[in-house]
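Asks: Below is a structure I'd like to ask you about.
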Amino acid sequence: MTNYIIRRLVIAFITLMLSVIGVGLLIHIVPGDPVMVMLGKNGGSATPEQIENMRRVLGLDKPVWLQTLNYVKGVLSGDMGQSMFTDQPVGKTLFNVLPATLALAFSAMVVAVGVGLPLGFFAAYKHNTWVDNILMLVAVLGVSIPQFWLGLILLLFFSLTLGWLPVAGDDYRSLILPAITLGVTFSAIVARMTRSAMIEVFSEDFIRTARAKGLTETIVLRRHALKPSLIAVITIVGVVFGYLMGGAVVVENVFSWNGIGRLALEAVLRRDYPMIQGFILIFASVIVIVSIVMDLTYAWLDPRITYD
Amino acid sequence: MWDVTNQRFARTIAQTGIAVGIAVGIAVGTVWSGVVMAAGDTITYARPQDSEGLDAHKVTTTISFQVMQQIYSTLLTLDDKGKVHPGVAESYSVSDDGLTYRFTIRDGVMCHDGTKMDAAAVKWNLDRVQSPDIASPFASSYGNVAGTTVEGRDVVYQLNEPFSPLPNIFGGVLAIMMCPSSVQGDDFTPVGSGPYKFVSWERNNKIVLEAFDEYVNVHPLVKNPGAPYVKNLIIKVIPEGVARMAALKTGEVDFAEPSLPDAADLDADPNYKVYTAPLSGQQGYTGVTYRIPPFDDVRARRAVGYAIDRNACADYGFQGLSKATHCPIAPGLPGEDQELCKQWGTSYDPDKARSLLAELGYGPDNPLKVAFETAQLQGWDECATIMQQQFKESYIDADLRINEWAAWTEAAVEANSRTSGLPMIWNVGMSGTDGDYLVFLWGMPGAQGAGIDVPEFQQMLVDQRALTGEARIAKLHEVQKFLLEGGYEIPLFSPGWFWLSASKANVEGFFQVQVAMPVFNDVTFN
Numbered sequence: 002m003t004n005y006i007i008r009r010l011v012i013a014f015i016t017l018m019l020s021v022i023g024v025g026l027l028i029h030i031v032p033g034d035p036v037m038v039m040l041g042k043n044g045g046s047a048t049p050e051q052i053e054n055m056r057r058v059l060g061l062d063k064p065v066w067l068q069t070l071n072y073v074k075g076v077l078s079g080d081m082g083q084s085m086f087t088d089q090p091v092g093k094t095l096f097n098v099l100p101a102t103l104a105l106a107f108s109a110m111v112v113a114v115g116v117g118l119p120l121g122f123f124a125a126y127k128h129n130t131w132v133d134n135i136l137m138l139v140a141v142l143g144v145s146i147p148q149f150w151l152g153l154i155l156l157l158f159f160s161l162t163l164g165w166l167p168v169a170g171d172d173y174r175s176l177i178l179p180a181i182t183l184g185v186t187f188s189a190i191v192a193r194m195t196r197s198a199m200i201e202v203f204s205e206d207f208i209r210t211a212r213a214k215g216l217t218e219t220i221v222l223r224r225h226a227l228k229p230s231l232i233a234v235i236t237i238v239g240v241v242f243g244y245l246m247g248g249a250v251v252v253e254n255v256f257s258w259n260g261i262g263r264l265a266l267e268a269v270l271r272r273d274y275p276m277i278q279g280f281i282l283i284f285a286s287v288i289v290i291v292s293i294v295m296d297l298t299y300a301w302l303d304p305r306i307t308y309d
Numbered sequence: 100m101w102d103v104t105n106q107r108f109a110r111t112i113a114q115t116g117i118a119v120g121i122a123v124g125i126a127v128g129t130v131w132s133g134v135v136m137a138a139g140d141t142i143t144y145a146r147p148q149d150s151e152g153l154d155a156h157k158v159t160t161t162i163s164f165q166v167m168q169q170i171y172s173t174l175l176t177l178d179d180k181g182k183v184h185p186g187v188a189e190s191y192s193v194s195d196d197g198l199t200y201r202f203t204i205r206d207g208v209m210c211h212d213g214t215k216m217d218a219a220a221v222k223w224n225l226d227r228v229q230s231p232d233i234a235s236p237f238a239s240s241y242g243n244v245a246g247t248t249v250e251g252r253d254v255v256y257q258l259n260e261p262f263s264p265l266p267n268i269f270g271g272v273l274a275i276m277m278c279p280s281s282v283q284g285d286d287f288t289p290v291g292s293g294p295y296k297f298v299s300w301e302r303n304n305k306i307v308l309e310a311f312d313e314y315v316n317v318h319p320l321v322k323n324p325g326a327p328y329v330k331n332l333i334i335k336v337i338p339e340g341v342a343r344m345a346a347l348k349t350g351e352v353d354f355a356e357p358s359l360p361d362a363a364d365l366d367a368d369p370n371y372k373v374y375t376a377p378l379s380g381q382q383g384y385t386g387v388t389y390r391i392p393p394f395d396d397v398r399a400r401r402a403v404g405y406a407i408d409r410n411a412c413a414d415y416g417f418q419g420l421s422k423a424t425h426c427p428i429a430p431g432l433p434g435e436d437q438e439l440c441k442q443w444g445t446s447y448d449p450d451k452a453r454s455l456l457a458e459l460g461y462g463p464d465n466p467l468k469v470a471f472e473t474a475q476l477q478g479w480d481e482c483a484t485i486m487q488q489q490f491k492e493s494y495i496d497a498d499l500r501i502n503e504w505a506a507w508t509e510a511a512v513e514a515n516s517r518t519s520g521l522p523m524i525w526n527v528g529m530s531g532t533d534g535d536y537l538v539f540l541w542g543m544p545g546a547q548g549a550g551i552d553v554p555e556f557q558q559m560l561v562d563q564r565a566l567t568g569e570a571r572i573a574k575l576h577e578v579q580k581f582l583l584e585g586g587y588e589i590p591l592f593s594p595g596w597f598w599l600s601a602s603k604a605n606v607e608g609f610f611q612v613q614v615a616m617p618v619f620n621d622v623t624f625n
């Protein structure tokens with residue numbers, strides 16, 4: 002197992018470096034010059050020489066491959082560079098908003114799993130009955146509702162009409178509505194995945210054996226069916242969590258939640274190259290870590306799975 | 100094989116239950132605790148975006164200036180007629196040849212950290228803007244600088260060429276004076292001598308400012324002679340328009356920048372006030388790629404102008420909250436004269452547009468095909484959609500592309516560099532405190548490469564900088580006449596970006612000064 006973990010970490014490092022290099026090269030293809038964005042509408046009367054000087058100061062006068070190489074060197078020494086627009090260290094800026102993104106991601110997952118798992122479990126148990134049909138209809142609705150619309154409806158009802166929650170605070174109360182908005186969508190996905198996995202497990206021979214032995218249905222479901230079906234659920238939870246850590250931009254915008262998604266969007270719109278690369282580095286790191294944790298969890302859930 | 104023990108199962112269920120329980124508990128606790136309302140000693144102002152930075156020598160966006168206006172001071176100030184008044188400088192003089200400006204700095208102007216805003220501090224600002232290491236976008240905005248020296252309380256600003264717009268530029272937010280203690284090595288902390296001092300900044304969330312008790316006002320438009328009446332100012336980011344309005348209505352914020360439809364609704368509601376920045380200094384306009392046929396022909400350029408109903412843009416695109424304009428220089432700035440500009444420019448006349456294009460071989464069976472680019476800002480996309488339909492009436496087949504700013508800039512720069520291919524019509528805006536910004540727009544190389552390489556015109560732009568008073572106004576008229584008669588610029592509306600604010604009706608004393616800068620010094624709550 003130790004060798005496996007070391008191997009995965011090495012592969013993770015290579016993946017991250019390739020991501021950073023790839024993005025570093027690709028962002029220069031996107032139309033838009035950060036210097037021109039900076040000059041904006043009140044950009045004074047910068048002469049061509051001064052514009053070239055701005056490029057020099059920002060490092061944009063160098064070839065793209067050299068800019069990327071310098072960035073990678075910086076990352077390897079712990080420096081993610083400075084934002085071209087805010088002059089602030091990229092690492093500090095991103096890590097400042099990371100807790101907010103983590104809080105939102107975790108809260109959304111609590112809602113998603115807390116609602117979706119029992120829903121899917123019950124739907125599978127009542128497979129092919131009207132209960133199953135109703136629950137899956139609810140799940141389809143949950144996936145279909147646009148987060149933007151749901152978020153605004155919740156905001157207008159709970160914040161404006163009832164006055165129960167703040168519109169745009171930055172404490173735990175402001176976390177509730179965005180967590181519910183995101184959680185509703187993903188609970189539907191978790192429910193469907195749980196249902197599918199459990200239905201498959203229910204048809205396994207060991208379930209038939211357990212029932213034939215005279216075990217109660219409750220024990221059959223709890224002791225024999227739940228754990229093997231969790232592998233599929235863990236997979237979807239990991240994927241969704243990774244997605245959420247990239248920032249749920251729409252929900253963050255609706256609820257003014259100061260997460261990494263909004264920051265990344267602004268960086269893209271401004272062509273703030275160091276900030277974009279920093280975001281990609283963090284996002285790729287989260288995906289890689291989640292992927293490793295998921296693989297290790299599989300081994301815990303299924304003793305047949307071993308890693309050398 | 101599946102060794103699920105009761106213990107493990109119970110632990111899993113318990114952990115899930117606890118997590119869900121915490122979430123429910125928070126929800127219940129919230130209902131009991133209620134929502135905190137804004138305190139009476141705090142103004143909270145909600146905007147859709149965060150400032151990019153607070154280093155006045157590096158950032159160029161209106162949204163950043165709006166905060167810097169609170170923290171810093173300017174060397175001079177402007178009244179609502181554009182007349183220059185004292186600021187950090189109590190007086191100034193200019194030599195007969197226009198090359199030497201002498202600014203006498205007021206005694207006793209203090210920075211927020213107790214240091215002085217004196218002649219040395221002013222020189223530090225002017226030198227820093229010129230420093231190649233800073234690469235300030237404003238390096239050429241204050242004239243062709245020879246150098247700056249200090250003589251007692253005087254700052255002597257030496258130019259290589261006359262630059263008569265200088266006092267107007269120094270009177271506005273584009274020439275801010277920071278306190279030198281703002282910069283400590285590589286670290287930057289905004290320290291100014293303005294009405295509010297910087298407290299903290301959570302990026303993309305809020306900027307917290309606190310009234311500066313030692314502030315002495317000299318701005319001609321501000322009534323309050325001292326520190327702002329309300330102690331705290333929080334400038335908050337709420338990106339979504341619906342959420343901003345909800346926050347205003349619940350009292351969570353005191354001011355909010357409304358969307359256009361919301362502004363129109365609030366304007367009709369006696370419980371709210373809407374402010375529209377009459378001193379915006381903003382000018383939205385249309386330009387064309389004049390190097391690409393057929394726009395190398397003045398008839399084609401003027402045909403575009405005749406095809407546009409700018410009143411429809413202002414009334415429908417901007418919900419009546421902007422005004423149609425005819426001058427390249429924004430309303431309220433020296434040299435602006437709407438009646439004269441109407442004579443030189445174009446007004447909506449699709450028959451005339453069609454007639455001019457017919458002379459060039461375009462008609463219903465052979466419409467003029469163009470790309471039509473505009474940046475994505477509220478009101479601008481609606482205006483562009485209206486214009487696209489108007490173009491169609493005049494047999495201009497415009498392929499409308501609404502882009503975010505960076506992509507728009509790239510497209511405009513590329514199109515302006517060509518002399519063949521698909522011509523482009525583009526919408527953009529500019530703001531400033533003096534019509535000299537026409538040099539930035541149309542001098543060489545020009546904004547987005549649109550500079551007009553006609554030597555006589557370039558000379559006019561240079562000449563206006565050397566003139567003062569009525570002679571300068573006359574020269575600015577010549578510049579605008581050239582732009583309008585030549586169809587190079589088709590003015591549309593003013594204002595057009597970050598110019599709207601709304602508050603509850605119990606707010607008194609709020610207004611905006613040049614280039615749509617909010618002023619909170621006089622704000623009180625009834």
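Note that the protein sequences, when read in sequence, are chains B and C. Heads up: the first sequence begins at 2 in the numbering used here, then just goes up one per residue. Heads up: the second sequence begins at 100 in the numbering used here, then just goes up one per residue. Even for Gly, the Cβ is constructed at its ideal location relative to N, Cα and C. Keep in mind that this is a model prediction, so the values were computed, not measured.
Can you check which of these residues, LEU222(B), LEU19(B) and VAL111(B), is closest to ARG196(B) by C-alpha distance?
Replies: Of LEU222(B), LEU19(B) and VAL111(B), the residue nearest in Cα terms is LEU222(B).
Asks: Using 8 angstroms as the limit for Cβ to Cβ distance, is SER239(C) near chain B?
Replies: By this cut-off, SER239(C) is an interface position.
Asks: In chain order, what residues of the same chain lie with their CB nearer than 6 angstroms to the CB of TRP479(C), ignoring the 5 residues before and after it?
Replies: Only THR473 meet the Cβ criterion.
Asks: With a threshold of 8 angstroms between beta carbons, is MET55(B) in contact with chain C?
Replies: Yes, because at least one Cβ of chain C sits closer than 8 angstroms to the Cβ of MET55(B).
Asks: Using only CA atoms, which one of ILE334(C), ARG453(C) and GLU356(C) lies nearest to ASP464(C)?
Replies: The residue with the shortest Cα to Cα distance from ASP464(C) is ARG453(C).
Asks: According to the Cβ coordinates, are ARG571(C) and ILE334(C) closer than 8 angstroms?
Replies: Result no, Cβ atoms of ARG571(C) and ILE334(C) do not sit closer than 8 angstroms.
Asks: Please report the distance separating the alpha-carbon of LEU225(C) from that of TYR171(C).
Replies: The alpha-carbon atoms of LEU225(C) and TYR171(C) are separated by roughly 15 angstroms.
Asks: Please classify THR424(C): does DSSP put it in a helix, a strand, or coil?
Replies: Residue state, collapsed to three classes: coil.
Asks: Distance, Cα to Cα, LEU118(B) vs PHE187(B)?
Replies: Taking the straight line from one Cα to the other gives about 11 angstroms.
Asks: Measuring only the C-alpha atoms, how far is PRO179(B) from PHE284(B)?
Replies: When rounded, the distance between both Cα atoms is 20 angstroms.
Asks: Enumerate in chain order the residues of its own chain whose CB-to-CB distance from LEU59(B) is below 8 angstroms, with the five nearest sequence positions on each side excluded.
Replies: Closer than 8 angstroms at the Cβ level, and outside the excluded window around LEU59(B), lie PRO35, VAL36 and MET85.
Asks: Closer than 8 angstroms, CB to CB, is ALA300(B) near chain C or not?
Replies: Chain C, which has no Cβ nearer than 8 angstroms to the Cβ of ALA300(B), makes this no.
Asks: Counting beta carbon pairs with one atom in the stretch 198-212 of chain C and one in the stretch 4-21 of chain B, are three or more of them shorter than 8 angstroms?
Replies: As far as the Cβ criterion goes, the stretch 4-21 of chain B does not touch the stretch 198-212 of chain C, which means the pair count is below three.
Asks: Which one of THR210(B), GLY33(B) and VAL202(B) has the shortest CA to CA distance from ALA511(C)?
Replies: The candidate whose alpha carbon is nearest that of ALA511(C) is GLY33(B).
Asks: Answer yes or no: does any C-beta atom of chain C fall closer than 8 angstroms to that of GLY33(B)?
Replies: Judged by the 8 angstroms Cβ criterion, GLY33(B) is in contact with chain C.
Asks: Of the choices VAL578(C), ASP533(C) and ASP498(C), whose alpha-carbon is the least far from that of LEU521(C)?
Replies: Ranking the options by Cα distance to LEU521(C), first place goes to ASP498(C).
Asks: What do you get for HIS425(C), buried or exposed, if any count of 16 or more other CB atoms within 10 angstroms of its CB means buried?
Replies: Label assigned to HIS425(C): buried.
Asks: Can you tell me whether DSSP reads GLN487(C) as helix, strand or coil?
Replies: GLN487(C) falls in the helix class under three-state DSSP.
Asks: In or out: TYR405(C) buried (at least 16 other Cβ within 10 Å) or exposed?
Replies: It counts as buried.
Asks: Contact between the stretch 235-250 of chain B and the stretch 159-171 of chain B: three or more CB pairs below 8 angstroms?
Replies: These segments do not touch.
Asks: Taking its Cβ as the centre, do 16 or more other Cβ atoms sit within 10 Å of HIS211(C), making it buried, or is it exposed?
Replies: Looking at its Cβ environment, which holds 16 or more other Cβ atoms inside 10 Å, HIS211(C) is buried.
Asks: Indicate whether VAL622(C) and ILE142(C) have their beta-carbon atoms separated by less than 8 angstroms.
Replies: Yes; because the gap between Cβ atoms is below 8 angstroms, this pair is in contact.
Asks: Is the Cβ-Cβ distance between PHE242(B) and HIS225(B) less than 8 angstroms?
Replies: Going by C-beta atoms, PHE242(B) is not nearer than 8 angstroms to HIS225(B).
Asks: Could you check the C-alpha separation between LEU297(B) and VAL112(B) for me, to the nearest Å?
Replies: Each residue's Cα considered, the two are about 24 angstroms apart.
Asks: So what does TRP300(C) bridge to, in DSSP terms?
Replies: DSSP lists ILE306(C) as partners of TRP300(C).
Asks: Using 8 angstroms as the threshold, is the C-beta distance between ASP273(B) and ASP154(C) below it?
Replies: No, the pair does not count as a contact, with Cβ atoms beyond the cut-off.
Asks: Just verifying my parser: in three-state terms, what is the DSSP assignment at GLN148(C)?
Replies: Here GLN148(C) sits in coil by DSSP.
Asks: Can you find at least 3 beta carbon pairs, one from the stretch 601-611 of chain C and one from the stretch 370-385 of chain C, that sit closer than 8 angstroms?
Replies: As far as the Cβ criterion goes, the stretch 601-611 of chain C touches the stretch 370-385 of chain C, which means the pair count is three or higher.
Asks: Kindly indicate if chain A contains any beta-carbon less than 8 angstroms away from that of ASP171(B).
Replies: The structure shown contains no chain A; the protein chains it does contain are B and C.
Asks: Going residue by residue through the stretch 474-542 of chain C, where are the continuous beta strand (DSSP E) segments of at least 3 residues, counting only ones entirely within it?
Replies: Entirely contained in the stretch 474-542 of chain C, the beta strand (DSSP E) runs reaching 3 residues are, in chain order, 495-502 and 523-530.
Asks: One question on the structure: do PRO185(C) and VAL317(C) come within less than 8 angstroms of each other, judged by their Cβ atoms?
Replies: Contact flag set, yes.
Asks: On a Cα-Cα basis, can you pick out the residue from TRP223(C), ILE589(C), LYS330(C) and GLY213(C) that is closest to ARG409(C)?
Replies: The candidate whose alpha carbon is nearest that of ARG409(C) is ILE589(C).
Asks: At least one CB of chain C closer than 8 angstroms to the CB of LYS42(B): is that the case?
Replies: In this prediction, LYS42(B) scores a pLDDT of 49, lower than 50, which makes its location untrustworthy; the coordinate-derived value is nonetheless stated afterwards. Interface residue, yes.
Asks: Which residues mark the beginning and the end of the alpha helix (DSSP H) in which ARG1(B) is found?
Replies: Because residue 1(B) is not part of the residues shown, which for chain B are 2 to 309, the question remains open.
Asks: Against chain B, with Cβ distances strictly below 8 angstroms, would ALA601(C) count as a contact?
Replies: Not one chain B Cβ lies under 8 angstroms of ALA601(C).
Asks: Determine the direct distance from the alpha carbon of ALA615(C) to that of GLY545(C), and round the result to whole angstroms.
Replies: So the two alpha carbons sit approximately 24 angstroms from each other.
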